[in-house]
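In terms of full-length UniProt numbering, the sequence shown is residues 1 to 258.
Note that the Cβ used here is the ideal one computed from N, Cα and C, for glycine as well.
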Amino acid sequence: MCHEKNARIPCTIMKHKALAEGVYELVLEAPGIVGEAKAGQFVNLYCKTGGKLLPRPISICETDREEGLLRLVYAVVGSGTREISGYPEGDQIEVMGPLGNGYTLDQGARHVLVGGGVGTPPLVELAKRLSGEKVIYLGFRTQPYLVESLREYGPVHVATDDGSQGHKGTVLELMEEHQVTGGMLYACGPTPMLRAVQAYALAKGIPSQLSLEERMGCGFGGCVGCVCKVRAEGGEGFAYKKVCKDGPVFDGKEVLLT
Ligand SMILES: Cc1cc2nc3c(=O)[nH]c(=O)nc-3n(C[C@H](O)[C@H](O)[C@H](O)COP(=O)(O)OP(=O)(O)OC[C@H]3O[C@@H](n4cnc5c(N)ncnc54)[C@H](O)[C@@H]3O)c2cc1C
Ligand code: FES
Numbered sequence: 001m002c003h004e005k006n007a008r009i010p011c012t013i014m015k016h017k018a019l020a021e022g023v024y025e026l027v028l029e030a031p032g033i034v035g036e037a038k039a040g041q042f043v044n045l046y047c048k049t050g051g052k053l054l055p056r057p058i059s060i061c062e063t064d065r066e067e068g069l070l071r072l073v074y075a076v077v078g079s080g081t082r083e084i085s086g087y088p089e090g091d092q093i094e095v096m097g098p099l100g101n102g103y104t105l106d107q108g109a110r111h112v113l114v115g116g117g118v119g120t121p122p123l124v125e126l127a128k129r130l131s132g133e134k135v136i137y138l139g140f141r142t143q144p145y146l147v148e149s150l151r152e153y154g155p156v157h158v159a160t161d162d163g164s165q166g167h168k169g170t171v172l173e174l175m176e177e178h179q180v181t182g183g184m185l186y187a188c189g190p191t192p193m194l195r196a197v198q199a200y201a202l203a204k205g206i207p208s209q210l211s212l213e214e215r216m217g218c219g220f221g222g223c224v225g226c227v228c229k230v231r232a233e234g235g236e237g238f239a240y241k242k243v244c245k246d247g248p249v250f251d252g253k254e255v256l257l258t
């Protein structure tokens, strides 16, 4: 099923439940969206309350094309996600997508996937679509989630800031301890984690794709609410790109994380 570009589609909530404290799984009936979706793309969720006009961008966690289902996993951080967390199963929510440019699926034999907190969800669809050997590194502040979903695709190594599960410390410390090398390294998470992963990949000569979690306005290229810097072509200076339209996934050799 196709739909008009940038249309807001009312989707039925098929499942909505807590996965961890303040983290929810939301499964929507969205056949027109999942048919086109790529790993690393996102959707805009629209709140029902008039005051919250700006959409909330949420990554595509997993798609089930046969059933037309879209799985999202989100953390409650502010007023919009708090409101959404109260929507019951059977209710409808307006969704726009798929948006942005997702990951390029490398054809190599080995892939390293790195997720931090709410950067973990897009790794599920990515792991599902990549062929070859996959190893997954996840970092959380405390209680991890989506570990079992990802274990289907390869070994999962977990780090938590508080040591409640796995390695106590950062995901990068774990990668250094395991002397992780390439194939392609795919990462999604907060900027400090992406910066560390980017530096690691550049130092080891591993190609990388980084998905940025920039604050957004419209989510589809209509404002300039989400710019990031990339190395200018030819290597001199930098240029601006829109995270929502040109990204959220960028080449680790090009994006400048400030
Ligand atoms: C490409 C992309 C994918 C994302 N995927 C996920 C995901 O899978 N799961 C998840 O939990 N979170 C994800 N986020 C972060 C999520 O969009 C924000 O946590 C959410 O918009 C916060 O909304 P709020 O109303 O609760 O917070 P508020 O702080 O009240 O939001 C106020 C405004 O700022 C915007 N905003 C606030 N924080 C962010 C942010 N980090 N990124 C973009 N806009 C923001 C909101 O959309 C809203 O318009 C993603 C962000 C981006 C850019
Ligand atoms: S959020 Fe409007 S251009 Fe990116």
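- Item | Residue from D162, L185, A37, V95 with nearest C-alpha to residue 273 | Past the edges of the chain, shown from 1 to 258, lies residue 273, and the structure says nothing about it.
- With a 10 Å radius around its C-beta and 16 neighbouring C-beta atoms as the bar for buried, classify Q107 as buried or exposed. Indexing the sequence shown from 1 puts residue 107 at position 107. Exposed, because fewer than 16 other Cβ atoms sit within 10 Å of the Cβ of Q107.
- Query: Taking the C-alpha atoms as reference points, what is the distance between L105 and T12?
  - Reply: As a first step, residue 105 must be located in the sequence shown, where it is residue number 105. As a first step, residue 12 must be located in the sequence shown, where it is residue number 12. Taking the Cα positions, L105 is about 30 Å away from T12.
- Does the beta carbon of Y103 fall short of 7 Å from some heavy atom of ligand 1? As a working note, residue 103 is residue 103 in the sequence shown. Not so, every heavy atom of ligand 1 lies at least 7 Å from the Cβ.
- Inter-residue Cα distance where the pair is L99 and H167: Counting from one through the sequence shown, the residue named residue 99 turns up at place 99. Counting from one through the sequence shown, the residue named residue 167 turns up at place 167. Approximately 34 Å, taken between the alpha carbons.
- Inspect the beta-carbon positions of C226 and M216 and report whether they are closer than 8 Å. Counted from its first residue, the sequence shown places residue 226 at position 226. Counted from its first residue, the sequence shown places residue 216 at position 216. Contact: yes.
- Between the C-alpha atoms of G182 and V73, what's the straight-line distance to the nearest angstrom? Looking up residue 182 in the sequence shown gives position 182. Looking up residue 73 in the sequence shown gives position 73. For G182 and V73, the distance between alpha carbons rounds to 28 Å.
- First and last residue of the uninterrupted beta strand (DSSP E) at V114: As a working mapping, residue 114 is identified with position 114 in the sequence shown. V114 -> beta strand (DSSP E) spans 110 to 116.
- Cβ of G115 within 8 Å of Cβ of L130? Looking up residue 115 in the sequence shown gives position 115. Looking up residue 130 in the sequence shown gives position 130. No, the pair does not count as a contact, with Cβ atoms beyond the cut-off.
- State the start and end residues of the unbroken alpha helix (DSSP H) segment that holds Q92. Your numbering for residue 92 matches position 92 in the sequence shown. No alpha helix (DSSP H) contains Q92, which is instead part of the beta strand (DSSP E) from 92 to 99.
- Task: State the DSSP-derived secondary structure class of R195, mapped to helix, strand or coil.
- Result: Here residue 195 refers to the residue found at position 195 of the sequence shown. DSSP places R195 in helix when its eight states are reduced to three.
- Item | Which listed residue (T191, V180, K5) has its alpha carbon closest to that of A203 | Here residue 203 refers to the residue found at position 203 when the sequence shown is read from its first residue. Of the candidates T191, V180, K5, V180 places its Cα closest to the Cα of A203.
- Message: So, with DSSP's three-state summary, where would you put C244?
- Response: Locating residue 244 in the sequence shown gives position 244, where the first residue counts as 1. DSSP, read as helix, strand or coil, puts C244 in helix.
- Run the proximity test for K229: is its beta-carbon closer than 7 Å to any non-hydrogen atom belonging to ligand 2? Position 229 of the sequence shown, counted from the first residue, corresponds to residue 229. In this structure, K229 has its CB at a distance of at least 7 Å from all heavy atoms of ligand 2.
- Item | C-alpha gap between E25 and V76, whole angstroms | The residue you call residue 25 lines up with position 25 of the sequence shown. The residue you call residue 76 lines up with position 76 of the sequence shown. The alpha-carbon atoms of E25 and V76 are separated by roughly 11 Å.
- Query: Got a sec, what are the start and stop residues for the beta strand (DSSP E) I84 sits in?
  - Reply: By 1-based counting over the sequence shown, the position of residue 84 is 84. In the DSSP annotation of this structure, I84 is not part of any beta strand (DSSP E); the continuous alpha helix (DSSP H) holding it starts and ends at 79 to 85.
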